[in-house]
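Asker:
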Amino acid sequence: MELFGQLAYGFELAITPQNLLFCFLGALIGTLVGVLPGLGPVATIAMLLPITFTLPPVAALIMLAGLYYGAQYGGSTTAILVNIPGESSSVVTCLDGHAMARKGRAGAALAIAALGSFFAGTVATFIIAIFSAPMVWIASTFQSPDYFGLMIFGLIAAVVLAQGSVVRSIVMVLVGLVLGLVGTDITTGQSRFTFGIPQLSEGISFVALAMGLFGVGEVISNLARTFGKPEVQPVTSLWPNREEARRATPAVLRGTAIGSLLGVLPGGGALIASFGAYVIEKKWSKRPQEFGNGAVEGVAAPEAANNAGAQTSFIPLLTLGLPSNAVMALMLAAMTIHGIVPGPKLMVERPDLFWAMIASMWIGNLMLVIINLPLIRLWVMLLNVPYRYLYLAILIFCCIGAYSVNNSTFDVMVMALFGVVGYLLPKIGCEPAPLILGVILAPHIEENFRRSLVVSRGSWWIFLERPVCAGFLLVSLLFMLAVLLPSIRKGREEAFRE
Amino acid sequence: MSVSRLASLSRIGLAVVVSALFCGAAAAQSWPTKPITIVQGFPAGSGLDIIARIIQAPLEKELGTTIVFDYKAGAGGNLASEIVAKAAPDGYTFIFGTAGTHGINASLYKKLSFDVESDFTPIAPIVDVPNVITVNPKVVDAKDVKEFIEIIKKQPGKQNYGSSGNGASTHLGFAQFNVAAGIDMVHIPYKGSPAAIQAMLNGETCCQFAQLQTVLGQHKAGTLRLLGMSTSKRVPLLPDIPTIAEAAIPGFESVTWYGMLGPKGLDPAIVSKFNAAIKAVLEDKEVVAKLAGIGNAVRYETADQFRATIKKDRAQWAEVVKKSGATVD
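From first to last, the protein sequence lines stand for chains A and B. The first sequence begins at 1 in the working numbering and counts up one residue at a time. The second sequence begins at 499 in the working numbering and counts up one residue at a time.
1) Classify PHE195/A: buried if its beta carbon has 16 or more other beta carbons within 10 angstroms, exposed otherwise.
2) At the 8 Å Cβ level, is VAL818/B part of the contact set with chain E, yes or no?
3) Given that GLN311/A touches chain B, what residues does it touch there, using C-beta distances under 9 Å?
4) Kindly indicate which residue of LEU368/A, ILE152/A, GLU12/A, ILE197/A has the alpha-carbon position closest to the one of LEU474/A.
5) Taking Cβ positions only, does GLU560/B come closer than 8 Å to chain A?
6) Here's the rule I'm using: 16 or more other beta-carbon atoms within 10 Å means buried, otherwise exposed. How should LEU425/A be labelled?
7) When you compare only the Cα positions, how much space is there between PHE592/B and PHE567/B?
8) For THR591/B, name the three-state secondary structure that DSSP assigns.
9) Cβ of ASP352/A within 8 Å of Cβ of LEU13/A?
10) Here's the rule: buried if 16 or more other CB atoms are within 10 angstroms of the residue's CB, otherwise exposed. What is PRO541/B?
11) Chain A beta carbons: is any one of them nearer than 8 Å to that of LYS689/B?
12) Using 10 angstroms around the beta-carbon of PRO526/A, count the other beta-carbons present and answer buried if the total reaches 16, otherwise exposed.
13) May I ask which residues mark the beginning and end of the alpha helix (DSSP H) holding GLY217/A?
14) Would you grab the beta carbon distance between GLY543/B and ALA329/A for me? Rounded to a whole angstrom, and I think it's under 8 Å.
15) Given a limit of 7 Å on CB to CB distance, which residues of the segment 321-344 of chain A reach chain B?
16) At 9 Å on the CB atoms, spell out the chain B contacts of GLN6/A, in chain order.
17) Taking GLU702/B as the query, report the chain A residues whose CB atoms sit under 7 Å from its CB, ordered along the chain.
18) Which one of VAL33/A, ILE258/A, PHE131/A, ALA208/A has the shortest CA to CA distance from VAL405/A?
19) Over what stretch of residues does the beta strand (DSSP E) that includes CYS705/B continue unbroken?
20) Decide if the segment 771-780 of chain B is in contact with the segment 698-716 of chain B; the criterion is three or more beta carbon pairs, one per stretch, under 8 Å apart.
21) Any C-beta of chain A sitting closer than 8 Å to the C-beta of VAL569/B?
22) What does the alpha-carbon distance come out to for the pair TYR389/A and GLN199/A?
23) Check ARG105/A in the structure and name its three-state DSSP category.
24) Return the CA-CA distance between LYS282/A and GLY298/A, expressed in angstroms with no decimal places.
25) Is PRO628/B helix, strand or coil when you go by DSSP?
26) Are at least three pairs of beta-carbons, each pair with one atom in the segment 49-62 of chain A and one in the segment 82-100 of chain A, less than 8 Å apart?
27) Would a check of beta-carbon distances place GLY502/A closer than 8 Å to chain B?
28) If you measure beta-carbon to beta-carbon, which residues of the segment 540-560 of chain B are closer than 9 Å to chain A?
29) Under a CB-based cut-off of 8 Å, is THR319/A close to chain B?
30) Secondary structure at SER822/B, three-state DSSP: helix, strand or coil?
31) May I ask you to report which of helix, strand or coil DSSP gives MET683/B?
32) Going by DSSP, what residues sit across from SER661/B in a beta bridge?
33) Say the cut is 7 Å; is the CB of MET47/A nearer than that to a heavy atom of the ligand HEM?
34) Compile a chain-ordered list of the residues in the segment 660-671 of chain B whose CB is closer than 9 Å to at least one CB of chain A.
35) If you run the structure through DSSP and keep just helix, strand and coil, what is THR564/B?
This is the structure we're talking about:
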């Protein structure tokens, strides 16, 4: 088969000592970048870019790619151990990953995250190799109304993310939507909710907000609660037990599928993929009450999804020449500076680059598992470091991370503010997760909604005329009924009782 | 305080002033003695950043110091402009500006806390970035600019054109073209050029002004068609593609430049030294070839010529902005 020939060709190129070395370097730096809260792949790749100019383009791109998916591996470590997203795409891993760590299952959670990521990475590698063409078709037929439908579906699903009251989570989603709308309106150029602060003109920095809510908020509440160690039970075993493995497997499969699909869409990638996977997992689970309290599926699915999404987000870049997120924009810059023109012809003109990168992804994933599994023992020891030392390091890295996204001290203040919010929210019985999803989705929903209406010259039928959009809206409606009906019935039952 | 004490104090004061002046002159002589920060108003990996990275190493060699890029993205580049406008003119903070940040923005934004001319010291332009009329042949099957105008004229208000953002040169340049060609289309802004090109590929928009380097890959694959360049001369990389001026609208030109500026009050000695270094880099064959390879033309001017360019362009863009009705808070 031609495919195997091409893959073999890619592997041949990827296992030259030089390419192996740069693949390993990328994976290793990526792991570090992932583990350190805030310090993200965008800032790191931007810093490393000049170094890559002197390398052959294939080696350079292999290294930068390794850095991106390596960060997906590392990010879960911090999320699980100290409840702080090492990477924005591991925000959702905090929910159940850290709960598992508190129950003494930190080792198991780390192992599941690493193995799940490896499986997802392997599948995503083959998806890129086999399905690039049809995946591009999806991305290039999706018009504004279809994105709107998809995002509405995501928003409805956000309500499902909530563990407690539906009303409170709806409120949180709405607050998130408002926060997500801060900034310059793309259609009219008007400023909204910026209070004349120019730093808010592009919106609130997502990294600052997420690290504030989860990271700084967690530090404050730990200090308030014990002023010492957070309550962590002793680690029982470093490996997942049979029951955990049995529950993780299907979740990894679903996470991989969702991550691979969402990664291809513009604006997608690891972040939306991990949230999507978590929501679906919770909805499908027979034990939704366990989510948030250390459900294995809540670690396995999003971790598989973010790695799959990170890798499939290369598809639009490699096949259309269109970057779907900030990391891909930097990859595009690296290619352009090396004199490579990314576009539909890349696969034909530079098959060496295309296939070597794909093959290196699998090799990189293998390396990451080998790097990460032995480290689990070491990471778990981190839980024994007295919290009064640990929290200082955490806060410093959070500040570096928040600063380095836009080189902005303002963003550090934003993080501090949301740190207080993140501390107070659980006190009033609200959760930050639906809020964060609202923040992610708000700009997409609004932008695509209004753009659709401009395209249709004001006709609302456009949302029903396009089958993809209509389909998503219908499913959203069913979801909403499924959530609302039981509570309505309960309400009526109570009414009858009186 | 005795008179003699006062006199000696004032003498010390004079000595301080004199030595400060002298040091200032000496500082300009030996400039640069430490790394230079160049602020960019757009994120790492942007089209501007690609050019910046291409000239970085040769410029470092020319100046004998390290160049650090500081990305302060936001408000169409105004965040970065504000920082540099208020920076000390010590020769270590500059901005890699564009016809957008130092031309369009002056009239597009309702209020700016700085003036794009009086708060800056122009050093030198670096490249001209051509815009090109790009169409999706599946939506509007035009072979050249004339045919394109004819097709659109038959269906006023029907077709959409995209842009990389409200008030971007891709938006205003095409608005200018619409006025010049007497056609009526609907503008749809996207967030950045990848999203805009994607929309053109899936047919949500028919066409747009695109910066040449962003559509080279699609052009090669034949998925999008390039009809006319916005420059006054053809682009050497694609000599077969005529300019809009020669194809349909004589005299039409809409060019955006990228160039180096410092804060106001910069020592003229530093300005001329930096300008000379940029001149040397732009004469480097390898740099020219790299820039031309992605469709950009080197543009060199003296600092005074560059100041005049900014003044002229600002007035021209103000006209275009006014006609288009675009505005940003």
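Backbone N, C-alpha and C fix where the C-beta goes; we use that ideal spot for every residue, glycine too. These numbers come from a predicted model, not from an experiment.
Answerer: Once the coordinates are examined:
1) PHE195/A should be labelled exposed.
2) Among the chains of the structure shown, chain E does not appear; the protein chains present are A and B.
3) When 9 Å is used as the limit between beta carbons, GLN311/A is near no residue of chain B, the shortest such separation being about 19 Å.
4) Comparing Cα-Cα distances from LEU474/A to each of LEU368/A, ILE152/A, GLU12/A, ILE197/A, the minimum goes to ILE152/A.
5) Not an interface residue.
6) The residue in question, LEU425/A, is buried, as its Cβ has 16 or more Cβ neighbours within 10 Å.
7) If you draw a straight line from the Cα of PHE592/B to the Cα of PHE567/B, it is about 10 Å long.
8) Looking at THR591/B - three-state DSSP - the assignment turns out to be strand.
9) In this structure, ASP352/A lies near LEU13/A, with their beta-carbon atoms less than 8 Å apart.
10) PRO541/B comes out buried.
11) True, the Cβ-Cβ gap to chain A drops below 8 Å.
12) Within the shown structure, residues of chain A are numbered from 1 to 498, placing residue 526/A beyond reach of any answer.
13) It spans 217-225 - the alpha helix (DSSP H) in which GLY217/A sits, taken as one unbroken run.
14) The Cβ separation is near 4 Å, so the contact holds.
15) For the segment 321-344 of chain A, which is checked against every Cβ of chain B, the residues closer than 7 Å are GLY321, LEU322, PRO323, ALA326, ALA329, LEU330, LEU332, ALA333, THR336, ILE337, GLY339, VAL341, PRO342, GLY343, PRO344.
16) For GLN6/A, there are no C-beta contacts with chain B under 9 Å, since the nearest C-beta of that chain is about 19 Å from it.
17) Chain A residues near GLU702/B: GLN143, SER144, VAL455.
18) That would be ALA208/A, whose Cα lies nearest to the Cα of VAL405/A.
19) Where CYS705/B is concerned, the enclosing beta strand (DSSP E) stretches over 705-709.
20) Touching, no.
21) According to the sequence provided, residue 569/B is Tyr. The question's Val does not apply to it. Chain A, which has a Cβ nearer than 8 Å to the Cβ of TYR569/B, makes this yes.
22) Rounded to the nearest angstrom, the gap between the Cα atoms of TYR389/A and GLN199/A is 33 Å.
23) When secondary structure is reduced to three states using DSSP, ARG105/A falls in the coil class, being assigned neither helix nor strand.
24) Taking the straight line from one Cα to the other gives about 8 Å.
25) PRO628/B falls in the strand class under three-state DSSP.
26) Three or more Cβ pairs closer than 8 Å define a contact, and the segment 49-62 of chain A falls short of that threshold against the segment 82-100 of chain A.
27) Nothing about residue 502/A can be reported from this structure: the residues present for chain A run from 1 to 498 only.
28) Flagged, chain order: PRO541, ALA542, GLY543, SER544, GLY545, ASP547, ILE548, ARG551, ILE552, GLN554, ALA555.
29) No, its Cβ sits nowhere closer than 8 Å to a Cβ of chain B.
30) DSSP, read as helix, strand or coil, puts SER822/B in helix.
31) Of the three classes helix, strand and coil, the one that applies to MET683/B here is coil, per DSSP.
32) In the DSSP output, where bridge partners are listed per residue, SER661/B has PRO687/B.
33) Within the structure as shown, the ligand HEM is missing, as the structure has no ligands at all.
34) Within the segment 660-671 of chain B, the residues whose Cβ lies closer than 9 Å to some Cβ of chain A are GLY663, ASN664, GLY665, listed in chain order.
35) The three-state secondary structure of THR564/B, taken from DSSP, is coil.
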